[in-house]
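Participant: Everything in the sequence shown is counted per our numbering, starting at 16 for the first residue and increasing by one. The structure is given below, and queries will be raised subsequently.
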Amino acid sequence: MLLLKKLIISGGTMRFQEMVAYLNLSKASLETYITELIEYLKKYQDAITLDFDGEILAITLSHNFSLKQVEKDFYQDSLKYKIMTYLFSNPEFSTVALASNLKISESTLFRKIKELNSCLTEFDLMIWQGKLVGDEHQIRYFYFQLFWCIDHNFPEHKKLPTHPLVSLLEKKLFQSLSKESKTRLNLWVTISQKRMGYRHKKFGKLPQLFQPYQNDPLYLTLRELVFRSLGHYALELEEEEAIMQFIFILSMSILSEEDFKEYNYERSHATPTAITDTLVLECVLRYYRPIQLTSELEAWTYYQLASNHPRLYFFKGDIEVSSTSHFWQLEESLSSHNIKRLSTHLLTVARDRLLPKAAPITGLDYLTELKYLCTLLLVDRQISRNIMVGIDLNTTHLFKEAAFQMISVQLNSLNGVVCQEYCASQTYDLIITNEQSCRYQTHHYVLSELGTSFDIAQIKQYIRQIYHEKYAAVLTDIYL
Numbered sequence: 016m017l018l019l020k021k022l023i024i025s026g027g028t029m030r031f032q033e034m035v036a037y038l039n040l041s042k043a044s045l046e047t048y049i050t051e052l053i054e055y056l057k058k059y060q061d062a063i064t065l066d067f068d069g070e071i072l073a074i075t076l077s078h079n080f081s082l083k084q085v086e087k088d089f090y091q092d093s094l095k096y097k098i099m100t101y102l103f104s105n106p107e108f109s110t111v112a113l114a115s116n117l118k119i120s121e122s123t124l125f126r127k128i129k130e131l132n133s134c135l136t137e138f139d140l141m142i143w144q145g146k147l148v149g150d151e152h153q154i155r156y157f158y159f160q161l162f163w164c165i166d167h168n169f170p171e172h173k174k175l176p177t178h179p180l181v182s183l184l185e186k187k188l189f190q191s192l193s194k195e196s197k198t199r200l201n202l203w204v205t206i207s208q209k210r211m212g213y214r215h216k217k218f219g220k221l222p223q224l225f226q227p228y229q230n231d232p233l234y235l236t237l238r239e240l241v242f243r244s245l246g247h248y249a250l251e252l253e254e255e256e257a258i259m260q261f262i263f264i265l266s267m268s269i270l271s272e273e274d275f276k277e278y279n280y281e282r283s284h285a286t287p288t289a290i291t292d293t294l295v296l297e298c299v300l301r302y303y304r305p306i307q308l309t310s311e312l313e314a315w316t317y318y319q320l321a322s323n324h325p326r327l328y329f330f331k332g333d334i335e336v337s338s339t340s341h342f343w344q345l346e347e348s349l350s351s352h353n354i355k356r357l358s359t360h361l362l363t364v365a366r367d368r369l370l371p372k373a374a375p376i377t378g379l380d381y382l383t384e385l386k387y388l389c390t391l392l393l394v395d396r397q398i399s400r401n402i403m404v405g406i407d408l409n410t411t412h413l414f415k416e417a418a419f420q421m422i423s424v425q426l427n428s429l430n431g432v433v434c435q436e437y438c439a440s441q442t443y444d445l446i447i448t449n450e451q452s453c454r455y456q457t458h459h460y461v462l463s464e465l466g467t468s469f470d471i472a473q474i475k476q477y478i479r480q481i482y483h484e485k486y487a488a489v490l491t492d493i494y495l
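Quick look at the structure:
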């Protein structure tokens with residue numbers, strides 16, 4: 016799948032040698048894999064094709080077909096996925112029965128379990144002596160991630176009948192519940208009901224993590240509804256069942272902005288996540304000073320930032336199905352300054368408050384940083400610290416006008432950049448010219464050729480450098 020994703024991100028084509036380096040495989044191994052992959056994709060007929068002429072790899076997809084379909088089928092066919100879904104239905108298993116069910120040898124099963132345990136480490140889980148071992152909330156969280164992200168063999172979770180608890184919560188707890196939030200919550204409650212009857216649950220660190228929230232008004236209301244709705248599914252319902260419903264609702268963006276606003280008025284602001292919410296928001300506000308966010312934008316930003324912290328505090332790990340590395344490249348094309356640095360700083364602030372000092376970096380950290388980035392990009396589009404660019408070209412009127420339009424269209428995509436035809440009486444942060452002999456009293460860039468992607472890339476990097484210099488005092492203060 017990495018090969019196909021890389022081709023998509025790279026625009027559909029890539030040199031074989033570059034793919035060898037990217038995948039860190041030998042030429043022979045990659046050639047064999049490509050041959051097998053071409054054969055595998057034939058089942059989709061012409062919806063997706065992979066071509067290889069010995070030097071260039073190329074992928075084509077029909078307009079109504081997505082690579083996600085291939086991904087889902089790929090994971091569904093994998094032994095690792097089949098092992099994990101078997102464990103969901105059979106919390107305790109014998110290797111003989113599982114190997115027989117999968118029609119594989121026991122040695123192959125042991126090898127796959129070893130590989131799975133390597134993946135499960137970041138969730139603080141492992142398969143051991145016929146069981147999936149770990150804290151119960153982590154087991155449920157892992158299965159939610161597995162079924163939600165991969166979205167195949169679990170009984171069509173988007174078409175599951177609405178669980179009575181979800182209907183009750185929708186009526187009694189939420190002002191509004193989006194379709195996606197309802198589907199997420201329904202899947203979580205369905206997983207919870209499946210695990211509820213398992214006798215050997217361990218709650219581990221959950222009670223300790225939850226201790227600061229035991230008097231939370233949302234939890235107390237939710238607890239009553241959970242015991243009323245789920246009590247008949249188990250002989251004795253543990254207190255942790257209500258806790259697990261609470262932490263999921265907080266962690267997985269179930270609360271709408273209106274519901275969060277009401278909850279924020281009532282909750283304690285001395286809990287670990289509430290303190291982190293305030294600290295992270297203050298970092299963002301300091302970054303943009305002296306510009307002030309509107310009250311509406313500040314409230315929206317607070318809501319988006321705060322949605323990350325309960326998950327980082329209560330849970331571990333993340334299943335990344337969609338590739339996200341290209342988001343960081345997109346940031347460079349949309350922002351006139353380095354938002355990634357601020358995203359990384361926010362993650363450091365959050366980790367320092369929410370996690371033990373020795374906590375390892377997991378996929379959840381990368382996801383949190385990416386969510387910060389997306390939030391900041393949207394905020395940044397509404398807050399402009401302008402970089403004024405004057406374009407001073409010495410050529411015929413036709414070429415001058417065409418080049419001005421080409422340059423300004425590409426640079427105006429950077430937030431805060433304003434391009435104008437050069438006027439000597441105006442002040443500019445950067446002047447773009449095609450005459451090396453010109454002398455200016457400010458930053459300037461001399462084009463090598465009119466309209467080249469090389470020059471545009473160089474100019475964008477130069478603008479980010481100028482932005483940092485122009486706002487150095489503000490940008491430095493935030494990281495002290």
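C-beta: ideal position from N, C-alpha, C; glycine also. Note that the structure is predicted; figures quoted are calculated from it, not measured.
Just to confirm the assignment: which complete alpha helix (DSSP H) runs, minimum length 4, are found wholly within the region 419 to 485?
Facilitator: The qualifying runs are 468 to 485.
Participant: Can you tell me which of S244, Q153, I142 puts its alpha carbon nearest to the alpha carbon of K186?
Facilitator: Your numbering for residue 186 matches position 171 in the sequence shown. That would be S244, whose Cα lies nearest to the Cα of K186.
Participant: In the DSSP assignment, find the alpha helix (DSSP H) that holds A36 and state where it starts and stops.
Facilitator: Walking along the sequence shown from the start, residue 36 turns up at place 21. Looking at the DSSP string, the run of the alpha helix (DSSP H) that includes A36 is 31 to 38.
Participant: Suppose the cutoff is 8 Å on Cβ atoms and the five residues either side in sequence are ignored; what does the same chain contact list for S109 look like?
Facilitator: Numbered from 1 along the sequence shown, position 94 holds the residue referred to as residue 109. G145.
Participant: Can the beta-carbon of I165 be found closer than 8 Å to that of K127?
Facilitator: Along the sequence shown, read from residue 1 onward, the residue named residue 165 stands at position 150. Along the sequence shown, read from residue 1 onward, the residue named residue 127 stands at position 112. No, these two residues do not count as a Cβ contact at 8 Å.
Participant: If you reduce the DSSP assignment to three classes, tell me which class A289 lands in.
Facilitator: Stepping through the sequence shown from its first residue, residue 289 is reached at position 274. Of the three classes helix, strand and coil, the one that applies to A289 here is helix, per DSSP.
Participant: Select from I74, L192, N201 the residue whose C-alpha is nearest the C-alpha of H178.
Facilitator: As a working mapping, residue 178 is identified with position 163 in the sequence shown. The candidate whose alpha carbon is nearest that of H178 is N201.
Participant: Any contact between the region 69 to 81 and the region 133 to 152? By contact I mean 3 or more CB pairs, one from each, below 8 Å.
Facilitator: Segments in contact, no.
Participant: Per DSSP, what kind of secondary structure is K415 in: helix, strand or coil?
Facilitator: As a first step, residue 415 is located in the sequence shown; it is residue number 400 there, counting from the start. Helix, per DSSP.
Participant: Just verifying my parser: in three-state terms, what is the DSSP assignment at M16?
Facilitator: Along the sequence shown, read from residue 1 onward, the residue named residue 16 stands at position 1. M16 falls in the coil class under three-state DSSP.
Participant: Which one or two residues does DSSP pair with A321 in a beta bridge?
Facilitator: Stepping through the sequence shown from its first residue, residue 321 is reached at position 306. A321 pairs with nothing; no bridge assigned.
Participant: What residue ranges within the region 62 to 87 form continuous beta strand (DSSP E) runs of no fewer than 3 residues, ordered along the chain?
Facilitator: Listed in chain order, the complete beta strand (DSSP E) runs (minimum 3 residues) inside the region 62 to 87 are 63 to 67, 71 to 76.
Participant: Starting from the C-beta of S191, find all residues in its chain whose C-beta is less than 8 Å away, skip the five residues before and the five after it, and write them out in chain order.
Facilitator: Locating residue 191 in the sequence shown gives position 176, counting from the first residue. Result list for S191: S271, E273, D274, in chain order.
Participant: Which value, in whole angstroms, describes the spacing of the CA atoms of P371 and L312?
Facilitator: In the sequence shown, the residue the question calls residue 371 occupies position 356. In the sequence shown, the residue the question calls residue 312 occupies position 297. Cα to Cα, P371 sits roughly 32 Å from L312.
Participant: Count the other C-beta atoms from every protein chain shown that fall within 10 angstroms of the C-beta of T390, then say buried if there are 16 or more, exposed otherwise.
Facilitator: Taking the sequence shown and counting its residues from 1, one reaches residue 390 at position 375. Its Cβ being crowded by 16 or more others within 10 Å, T390 is buried.
Participant: Thinking L147 and L102 are a contact (beta carbons under 8 Å), I'd like their distance in whole angstroms, please.
Facilitator: Translated into positions along the sequence shown, residue 147 becomes position 132. Translated into positions along the sequence shown, residue 102 becomes position 87. Yes, they are in contact, since the Cβ atoms of L147 and L102 sit about 5 Å apart, within 8 Å.
Participant: Leaving aside the five residues before and after R238 along the sequence, list all residues of the same chain whose C-beta is less than 7 Å from its C-beta, in chain order.
Facilitator: In the sequence shown, counting from the first residue as 1, residue 238 sits at position 223. Once the five neighbours on either side are set aside, the close Cβ partners of R238 are A257.
Participant: Please report how far the alpha carbon of Y482 lies from the alpha carbon of F419, in whole angstroms.
Facilitator: Here residue 482 corresponds to residue number 467 of the sequence shown, with the count starting at 1. Here residue 419 corresponds to residue number 404 of the sequence shown, with the count starting at 1. Looking at the two C-alpha atoms, the distance is approximately 22 Å.
Participant: Where K57 and S81 are concerned, what is the direct C-alpha to C-alpha distance, given to the nearest angstrom?
Facilitator: The residue given as residue 57 occupies position 42 in the sequence shown. The residue given as residue 81 occupies position 66 in the sequence shown. Cα to Cα, K57 sits roughly 15 Å from S81.
Participant: Have a look at K475 and K386 and give me their C-alpha separation to the nearest angstrom.
Facilitator: For the purposes of this step, residue 475 is taken as the residue at position 460 of the sequence shown. For the purposes of this step, residue 386 is taken as the residue at position 371 of the sequence shown. Computed Cα separation, rounded: 24 Å.
Participant: Is it true that the region 354 to 370 meets the region 401 to 418, where meeting means three or more beta-carbon pairs spaced less than 8 Å apart?
Facilitator: They do not touch, by the three-pair rule.
Participant: Cα separation between E416 and D61?
Facilitator: On the sequence shown, residue 416 is found 401 positions in, with the first residue counted as 1. On the sequence shown, residue 61 is found 46 positions in, with the first residue counted as 1. So the alpha carbons of these two residues sit roughly 44 Å apart.
Participant: Measuring CA to CA, which of I376, V204, L265 is closest to L233?
Facilitator: Within the sequence shown, residue 233 is the residue found at index 218, counting from 1. The candidate whose alpha carbon is nearest that of L233 is L265.
Participant: Just to confirm the assignment, what range does the alpha helix (DSSP H) spanning D395 have?
Facilitator: Sequence index remark: in the sequence shown, residue 395 carries index 380 (1-based). Segment 378 to 395, the alpha helix (DSSP H) holding D395.
Participant: Starting from the Cα of V295, find the closest Cα among P305, Y318, E277 and give me that residue.
Facilitator: The sequence position of residue 295 within the sequence shown is 280, counting from 1. The shortest C-alpha separation from V295 is found at Y318.
Participant: Please classify Q223 as buried or exposed, where buried requires at least 16 other C-beta atoms within 10 Å of its C-beta.
Facilitator: Against the sequence shown, residue 223 aligns to sequence position 208. Q223 comes out exposed.
Participant: What number of angstroms, rounded off, separates the C-alpha of T50 from the C-alpha of D66?
Facilitator: Translated into the one-based positions of the sequence shown, residue 50 becomes position 35. Translated into the one-based positions of the sequence shown, residue 66 becomes position 51. Each residue's alpha carbon lies about 10 Å from the other.
Participant: Could you pull the DSSP bridge partners for D407 from this structure?
Facilitator: Locating residue 407 in the sequence shown gives position 392, counting from the first residue. Its beta-bridge partners are T448.
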